[in-house]
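Below: one structure, written as structure tokens.
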Amino acid sequence: MNDAGLSMLEVASLAEAPRTILNVDVTPQRRVATQSTSLARMKAIGEAAGGSVNDVLLAACSAALRRYLDELGELPSKSLIASIPVALPRDTSQPGGGGNAISFANVKLGTDVADLRERFNVIRRSSAAGREHLKQMSQPALMAYTVLISSPQMLTRVPAIGARVPPIYNVIISNVPGPRSRLYFCGAEMEAYYPISALAHGQALNITVLSYAGGLYFGITACHDRVPSLQRLAVYSGEALDDGSLWEGDHDLRIRISIDPQGKTLTVSDNGIGMSAEEAVANLGTIAKS
Numbered sequence: 535m536n537d538a539g540l541s542m543l544e545v546a547s548l549a550e551a552p553r554t555i556l557n558v559d560v561t562p563q564r565r566v567a568t569q570s571t572s573l574a575r576m577k578a579i580g581e582a583a584g585g586s587v588n589d590v591l592l593a594a595c596s597a598a599l600r601r602y603l604d605e606l607g608e609l610p611s612k613s614l615i616a617s618i619p620v621a622l623p624r625d626t627s628q629p630g631g632g633g634n635a636i637s638f639a640n641v642k643l644g645t646d647v648a649d650l651r652e653r654f655n656v657i658r659r660s661s662a663a664g665r666e667h668l669k670q671m672s673q674p675a676l677m678a679y680t681v682l683i684s685s686p687q688m689l690t691r692v693p694a695i696g697a698r699v700p701p702i703y704n705v706i707i708s709n710v711p712g713p714r715s716r717l718y719f720c721g722a723e724m725e726a727y728y729p730i731s732a733l734a735h736g737q738a739l740n741i742t743v744l745s746y747a748g749g750l751y752f753g754i755t756a757c758h759d760r761v762p763s764l765q766r767l768a769v770y771s772g773e774a775l776d777d778g779s780l781w782e783g784d785h786d787l788r789i790r791i792s793i794d795p796q797g798k799t800l801t802v803s804d805n806g807i808g809m810s811a812e813e814a815v816a817n818l819g820t821i822a823k824s
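Sequential numbering of the sequence shown, starting at 535, is according to the working numbering.
In structure tokens:
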């Protein structure tokens, strides 16, 4: 089988998403949970694991969702499917060209895979295949596909219909670029930028991550009556980023440990991944003392 055929096998189809507790009618009640990390840390993890920042983001969300649903006894045997917005360049030679065209790619989150490293590879391959699939489409085909994948959201506006439509994805996970420099209002610095997204019938959970001034800020929005104990998802996503399984063994990350002359202060620097000295010694093989 050629590379194109192998790539197509990694593309998540519009009929793969299992029905879950996330794909039900919603009520007016909302709950928001937050998590944050640095962009430098995510880039370092991505480089060490052999993927992109977006791959690491999806892996963290996948690990959190798998653990959360498993604790509730609601983890499906099939992988959850995430819908991720993808910006595609427009053909500037066509009328109205220029700017970006926005579509959505379905990505396998590998929640049916226990091993974190193997799950990350599933996500990385599926994300790359989904993006490449969109890039290969003609403009008319891309427009038709975008309308098709958006149609369930249109149907959710019809009373009593939304939750009955078979899901073509289970959750939207967006990675949105924000301001690179710090913002101020009347001299007061904005310290963080947490996004809050809209929900719809059939989509009781949304995860949006916004970059701001070197940080990444997770806004996890859910229907309070349908997704209980939402804060667990935020905590579990942070703990997933602390799991050294993504990079341990395949890469030789050097940790520099600095101890002051009196031996009272221990400083650990690890290329932005952010582990304690104890975790560094326990998880990584090469320790360089300065």
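Just so you know, even glycine gets a beta-carbon here, dropped at the ideal spot from N, CA and C.
Note that this is a predicted model, so its numbers are computed, not measured.
In the structure shown, Gln563 adopts coil according to DSSP, grouped into three states. If you look at Gly664, you'll find it in the alpha helix (DSSP H) that goes 650-669.
Straight-line measurement puts the Cα of Gly664 at about 10 Å from the Cα of Gln670. No residue range can be given for Ser731, since it is assigned to no beta strand (DSSP E) and is classified by DSSP as neither H nor E.
Between Glu544 and Arg653, the beta carbon gap of about 14 Å keeps them out of contact (Cβ cut-off 8 Å). Within the same chain, Phe638 come within 6 Å of Ile683 by CB-CB distance, once the 5 residues on both sides are set aside.
Ranked by how close their Cα comes to the Cα of Glu666, the residues Ala598, Leu556, Asn640 have Asn640 in first place. Shown here, Ile702 sits in coil according to DSSP, grouped into three states, outside any helix or strand.
The beta-carbon separation of Gln563 and Gly772, rounded to 25 Å, does not stay under the 8 Å limit for a contact. Assigned with DSSP and collapsed to three states, Glu723 falls in strand.
Take the alpha-carbon of Cys757 and the one of Leu739: they are about 7 Å apart. Bridge pairing for Asn640: Ser617 [DSSP]. Note that the C-beta distance between Gly580 and Ser586 is below 9 Å.
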